[in-house]
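Chemist:
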Amino acid sequence: VKRHGIVGWVFVLFSLAAFAFSQAEQNIVRVVLESAPPHLDNHISTARLTTTVTDPINVFLVTQNEKLEIVPYLAKSWEQPDPTTLRFFLHEGVKFHNGRELVADDVKKSIERVQNPDTASPLRSDFAVVKTINVIDDYTVELILERPFAPLFTQLARLAIMPMEEVEAKGSLRTEPVGAGPYRFVEWKQDQEIVLEKFEDFTLGEVQNNGVIFKFYPEYAAGLAALTSGDADLHLWVKPTDIPRLQSDPTMTLIPNALNGSYYIAFNLLREPWGDAKLREAVLYGVDRNIIAQIAFGGFAEPAYSPVSTSDFYFDESLVITQDLERAKTLASEVGWMGEATLVAPNTPVEAPMAEIVQNQLQALGLNIRLEILDVPAYIDRVFVNKDFDLTVVGDSSFGDPDYLLRQYFIPDGESNVMGYDNPEIAALIEEAATLSDPAERKAIYDQIYPVIQKDAPLVYLVQEVRHGAMRQPLTGVVFKPNNTYVFDQATFGSE
Amino acid sequence: MGSYIAKSLLSTLPTLLGISVLTFSIVHFIPGDPITVMFGQSPDPLAIERLRSLYGFDRPLPVQYVTWLSNVVTGNMGVSIRLETPIVSMIVERLPRTIFLTLTALLISVLIALPAGLVSAYYNNTRIDFLISGLTLVILAIPSFWVGILLIIFFSRYFPGVPLGGYVEPLKDPIGFFSRLILPSVTLGLALTASTTRVLRSATLEILGQDYIRVSRAKGLDERRVFLKHALRNALIPTVTIVAIQAGYLLGGSIIIERVFSYPGLGLLLLSAVQSRDYPLIQALVLLFAAFFVLVNLVTDLIYGAINPQVQYT
Chain A
1 VKRHGIVGWV
11 FVLFSLAAFA
21 FSQAEQNIVR
31 VVLESAPPHL
41 DNHISTARLT
51 TTVTDPINVF
61 LVTQNEKLEI
71 VPYLAKSWEQ
81 PDPTTLRFFL
91 HEGVKFHNGR
101 ELVADDVKKS
111 IERVQNPDTA
121 SPLRSDFAVV
131 KTINVIDDYT
141 VELILERPFA
151 PLFTQLARLA
161 IMPMEEVEAK
171 GSLRTEPVGA
181 GPYRFVEWKQ
191 DQEIVLEKFE
201 DFTLGEVQNN
211 GVIFKFYPEY
221 AAGLAALTSG
231 DADLHLWVKP
241 TDIPRLQSDP
251 TMTLIPNALN
261 GSYYIAFNLL
271 REPWGDAKLR
281 EAVLYGVDRN
291 IIAQIAFGGF
301 AEPAYSPVST
311 SDFYFDESLV
321 ITQDLERAKT
331 LASEVGWMGE
341 ATLVAPNTPV
351 EAPMAEIVQN
361 QLQALGLNIR
371 LEILDVPAYI
381 DRVFVNKDFD
391 LTVVGDSSFG
401 DPDYLLRQYF
411 IPDGESNVMG
421 YDNPEIAALI
431 EEAATLSDPA
441 ERKAIYDQIY
451 PVIQKDAPLV
461 YLVQEVRHGA
471 MRQPLTGVVF
481 KPNNTYVFDQ
491 ATFGSE
Chain B
1 MGSYIAKSLL
11 STLPTLLGIS
21 VLTFSIVHFI
31 PGDPITVMFG
41 QSPDPLAIER
51 LRSLYGFDRP
61 LPVQYVTWLS
71 NVVTGNMGVS
81 IRLETPIVSM
91 IVERLPRTIF
101 LTLTALLISV
111 LIALPAGLVS
121 AYYNNTRIDF
131 LISGLTLVIL
141 AIPSFWVGIL
151 LIIFFSRYFP
161 GVPLGGYVEP
171 LKDPIGFFSR
181 LILPSVTLGL
191 ALTASTTRVL
201 RSATLEILGQ
211 DYIRVSRAKG
221 LDERRVFLKH
231 ALRNALIPTV
241 TIVAIQAGYL
251 LGGSIIIERV
261 FSYPGLGLLL
271 LSAVQSRDYP
281 LIQALVLLFA
291 AFFVLVNLVT
301 DLIYGAINPQ
311 VQYT
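Listed below in structure tokens is the structure:
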């Protein structure tokens, strides 16, 4: 009896602790993340984990809605007096978390910071087109562009406006970010959690909760357990294998999010035999996209045919192709290549199994493929820095403008053009489309580009993922955007 | 004994130096570096070049090594590349956590293994002995990270109030701290429990067959006294050696267990350092782990002498 008593007390203590914990954090959204962000300086990292945490801390000139359309944010409006001049009118009275008012000069300095090569910002090349920044008055800023460049708006929705006095004082904002967004950074307990608190002086909208805590669970099972046991309220990325179970759990709400990106096979065109378009075409028709979606994503993915997702405005139905194994085998046998190629992939839970399926499907075409799975830094080094590969399987996504992935992959000096793809006509069309601001006019050009790159096939697109998040009831109102970003400020617990 | 300790400590210096060379070389020769990791799938050659020279990665490796070593000797471990935070402060923050986790695991394992090993030896070749031996064999065969994941799944399903890892400050919330420590330390200590039980059992059995035990029994000493006073003390000598050596391995085991239970100690720090190829941080941590291991071995020697008077330190 005595022993039972002790066990009982232990559990009472446990439950009390758990109860106190959840009470204290009421109206604070606790989010499961699979790992800590590299750091929190939004100008130096655009990694998903960084932006997930820093987007709520920062404001941006413009932002994207759930359909990824550009909408006003810090800028209440803008005008374009000529194709290379953009004039933004800022909201007045917007404050940084350090209390100072945000003015036009902060926009100028933020853009200049990412343009500076010493900052080593991944956004640097995206802002190379901005030639001059004129501060007209405290609430008006003007960007003079080298040439008309429509995709700049999407990049402006990525560029946090930061107080430079904080950057200068701290060197960078890697560990203690300061912005003007709906949430103020409170603390980063390394390898534990990052705590954000509602910024009371935020004037660009109403924040519905008191804060967000990002909790890190490097072990997936532990993160999921935290959600189901009530230690967390929101999981941003549950595995396909867990989706059915969570769907049948009445305390959970699943949030499907068709991502604006896709997984692909890339070929090194400078290596034999992948320079031969016929062989790449064999792969284009030889892979079974539905099987990949089924096995690697439990069916929570759709076939992909181009860098733009099938639900996007810029996608054209004519790009849909179906597997044609006979055609693929014929093409492969015409090339008659008998050697062995190495397929490299990163050791992530998605790409590694997908690479195995692709290996199998290519072998069915009579191609001899060896698989090599590397950890992510080694993979990046091998494929994207040294371009030492035959084929690779990996995924990439854009923030919403079709120009981004086309420019990265399909112009000769694109940063992600590891394939060695060089088609001057395509490069010229990409540049031309970027100068047009009318979406219909742009689409007319993209309708010329996509079929050509599909047929040239330096990349063969495989699947686009429908990623699932899970919320523990009564939490509602978290916004998942197709570009893998989230909005937390409208999240509430229960009836409001 | 003082001079023995001093001599032992001195003799560890070449070992540590060797480890530092090895770590430095391995870290720099594995593909991927901290700069390219930052840029991911869209590397910017100009920025990469600038950063490489900023961090001095464009200098010859021996030069980089000597610079690093001379800093370490003066207590300057450098700055983490990813977080731009001094490494010493990161270590100071986490070291007590890992030590605490390891010691708790050690304590749990000894508390279980002592009675289990003795009972198993005392009831040699009976059902209870078979049960204990069988269990230890099974535990030894299961990787501990898997045990950890099973425990997490089990507790999240059947005891949803139980914290499944993580960390809170012990001074702020002692109950929360200890309740979070239980699962990881049990998991970490489990494998050690099994091996200690087995060693203690066989050592006890061997001693129970010795002449002096037979003499004690012949003298008419009661069985309990024979067992606890004469057998146990001698059986402890090999057991302590095993426990102490394993304690070094516990530190290594803490790396994976800290990850499973999101426990923010040195192990988790090392893993994230490797994933971002944070060179100075990896080097500092591996060196620290090695120094620990060496220290644990020294302590083992000393404890060994305390238990076994035949051992003399010269």
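Protein chains in written order, with my numbering: chain A, 1 to 496; chain B, 1 to 314.
For every residue, glycine included, the Cβ atom is placed at its ideal position computed from N, Cα and C.
Answer yes or no: do V130(A) and I161(A) have a C-beta to C-beta separation smaller than 8 angstroms?
Modeler: No.
Chemist: For P184(B), which option in D58(B), I35(B), L103(B) and I91(B) has the closest C-alpha, if you only look at C-alpha atoms?
Modeler: Of the candidates D58(B), I35(B), L103(B) and I91(B), the one whose C-alpha sits nearest the C-alpha of P184(B) is L103(B).
Chemist: Please go through the same chain and pick out, in chain order, the residues whose beta-carbon is closer than 7 angstroms to the beta-carbon of S333(A), but skip the five residues on each side of it.
Modeler: Hits under 7 angstroms: G366.
Chemist: Specify whether the segment 213 to 224 of chain B and the segment 260 to 276 of chain B touch according to this definition: at least 3 beta carbon pairs, one from each stretch, less than 8 angstroms apart.
Modeler: Judged by Cβ distances under 8 angstroms, the segment 213 to 224 of chain B makes no contact with the segment 260 to 276 of chain B, as fewer than three pairs qualify.
Chemist: T204(B) and A353(B) - do their beta-carbons sit closer together than 8 angstroms?
Modeler: Only positions 1 to 314 of chain B appear in the structure, and residue 353(B) is not among them; the question remains open.
Chemist: Got a sec: is the Cβ-Cβ distance from N260(A) to anything in chain B below 8 angstroms?
Modeler: So, not an interface residue.
Chemist: Taking the straight line between their C-alpha atoms, what separation do you get for T175(A) and S202(B)?
Modeler: Answer to the nearest angstrom: the Cα atoms are 53 angstroms apart.
Chemist: Rounding to the nearest angstrom, what Cα-Cα distance links F574(A) and V376(A) in this structure?
Modeler: Residue 574(A) lies beyond the range of chain A shown here (1 to 496); nothing can be said about it.
Chemist: Taking 8 angstroms as the cut-off, does the segment 119 to 126 of chain B touch the segment 146 to 165 of chain B (at least 3 CB pairs, one atom from each stretch)?
Modeler: No, the segment 146 to 165 of chain B is not in contact with the segment 119 to 126 of chain B.
Chemist: Taking the alpha-carbon positions, what's the V59(A) to A427(A) distance?
Modeler: Spanning the two alpha carbons is a distance of roughly 33 angstroms.
Chemist: So, at 7 angstroms on beta carbons, what are the nonlocal neighbours of G414(A) in its own chain, with the 5 sequence-adjacent residues on each side left out?
Modeler: The residues are R407 and Q408.
Chemist: Please check if any C-beta of chain A sits within less than 8 angstroms of the C-beta of D33(B).
Modeler: For D33(B), the answer is yes, since a Cβ of chain A falls inside 8 angstroms of its Cβ.
Chemist: Looking at C-alpha atoms only, which residue of Q359(A), N368(A), T348(A) and V283(A) is the closest neighbour of R327(A)?
Modeler: It is V283(A).
Chemist: Determine the direct distance from the alpha carbon of L61(A) to that of V107(A), and round the result to whole angstroms.
Modeler: If you take the alpha carbons of V107(A) and L61(A), they lie about 8 angstroms apart.
Chemist: Excluding the five sequence neighbours on either side, which residues of its own chain have a C-beta within less than 7 angstroms of the C-beta of Y183(A), listed in chain order?
Modeler: Closer than 7 angstroms at Cβ, skipping near neighbours: P56, I57, L196, E197, K198, F199, G211 and V212.
Chemist: Mind checking which residues open and close the beta strand (DSSP E) that includes I265(A)?
Modeler: Segment G261 to F267, the beta strand (DSSP E) holding I265(A).
Chemist: List, in chain order, every chain A residue whose beta-carbon is nearer than 8 angstroms to that of G317(B).
Modeler: Past the boundaries of the shown model lies residue 317(B); chain B is included only from 1 to 314, so the question cannot be answered.
Chemist: Since I believe M38(B) is in contact with S45(A) (beta carbons under 8 angstroms), could you give me their beta-carbon distance rounded to a whole number of angstroms?
Modeler: So it is a contact: roughly 7 angstroms between Cβ atoms.
Chemist: Contact criterion: CB-CB distance below 8 angstroms. Does V385(A) meet it with respect to chain B?
Modeler: Yes, V385(A) counts as interfacial toward chain B.
Chemist: Along chain A, in chain order, which residues have C-beta atoms closer than 8 angstroms to that of Y78(B)?
Modeler: Before going further, note that residue 78(B) is Gly rather than Tyr in the sequence given. Per Cβ cutoff of 8 angstroms: no residues; G78(B) is ~15 angstroms from chain A at best.
Chemist: Are there 16 or more other CB atoms within 10 angstroms of the CB of K2(A), so buried, or fewer, so exposed?
Modeler: Note that K2(A) scores a pLDDT of 45, beneath 50, so its modelled location is shaky; the value from the coordinates is reported in the next line. With fewer than 16 Cβ atoms within 10 Å of its Cβ, K2(A) is classed as exposed.
Chemist: Suppose contacts are defined by Cβ-Cβ distances below 8 angstroms. Is A180(A) in contact with Y139(A) by that definition?
Modeler: Against a cut-off of 8 angstroms, the Cβ pair of Y139(A) and A180(A) comes out as no contact.
Chemist: Select from G230(A), N257(A) and N368(A) the residue whose C-alpha is nearest the C-alpha of T251(A).
Modeler: Of the candidates G230(A), N257(A) and N368(A), the one whose C-alpha sits nearest the C-alpha of T251(A) is G230(A).
Chemist: Taking C-alpha atoms, which residue in R280(A), G299(A) and A232(A) lies nearest to K239(A)?
Modeler: K239(A) has its Cα closest to that of G299(A), out of R280(A), G299(A) and A232(A).
Chemist: Using a Cβ-Cβ distance cut-off of 8 angstroms, determine whether G211(A) contacts chain B.
Modeler: It does not: the Cβ of G211(A) has no partner Cβ on chain B nearer than 8 angstroms.
Chemist: Using the rule of at least 16 other Cβ atoms within 10 Å of the residue's Cβ for burial, across every protein chain shown, is K7(B) buried or exposed?
Modeler: That one is exposed.
Chemist: Name the chain A residues that come within less than 7 angstroms of G165(B), Cβ to Cβ?
Modeler: Going along chain A in sequence order, the residues near G165(B) (Cβ under 7 angstroms) are A222.
Chemist: Are the beta-carbon atoms belonging to Q454(A) and L319(A) less than 8 angstroms from one another?
Modeler: For Q454(A) and L319(A), yes; Cβs fall inside 8 angstroms.
Chemist: Is F216(A) close to chain B, meaning its C-beta is less than 8 angstroms from at least one C-beta of that chain?
Modeler: So yes, F216(A) belongs to the interface.
Chemist: How is the alpha helix (DSSP H) around T12(B) delimited, first residue to last?
Modeler: Taken as a continuous stretch (DSSP letters only), the alpha helix (DSSP H) holding T12(B) covers G2 to F29.
Chemist: Beta-carbon within less than 7 angstroms of L131(B)'s beta-carbon, same chain only, minus the 5 sequence neighbours each way: which residues are those?
Modeler: No residues qualify anywhere along the chain.
Chemist: Which residues, taken in chain order from the segment 157 to 190 of chain A, show a beta carbon closer than 8 angstroms to some beta carbon of chain B?
Modeler: Listed by position along the chain: G171, S172, R174, T175, K189 and Q190.
Chemist: Residues in the same chain with beta-carbon distance under 7 angstroms from F488(A), minus the five sequence neighbours each way, listed in chain order, please.
Modeler: Same-chain partners within the cutoff: V29, P56, V212 and V478.
Chemist: For R259(B) and G189(B), what's the separation of their Cα atoms in angstroms?
Modeler: If you take the alpha carbons of R259(B) and G189(B), they lie about 16 angstroms apart.
Chemist: Taking the runs of the alpha helix (DSSP H) that are 4 residues or longer, which of them lie wholly in the segment 408 to 457 of chain A?
Modeler: Qualifying alpha helix (DSSP H) stretches, in chain order: 424 to 434 and 439 to 456.
Chemist: From this set, Y404(A), D403(A), D422(A) and L405(A), which residue's C-alpha is nearest P412(A)'s C-alpha?
Modeler: Residue D422(A) is the option with its Cα nearest to P412(A).
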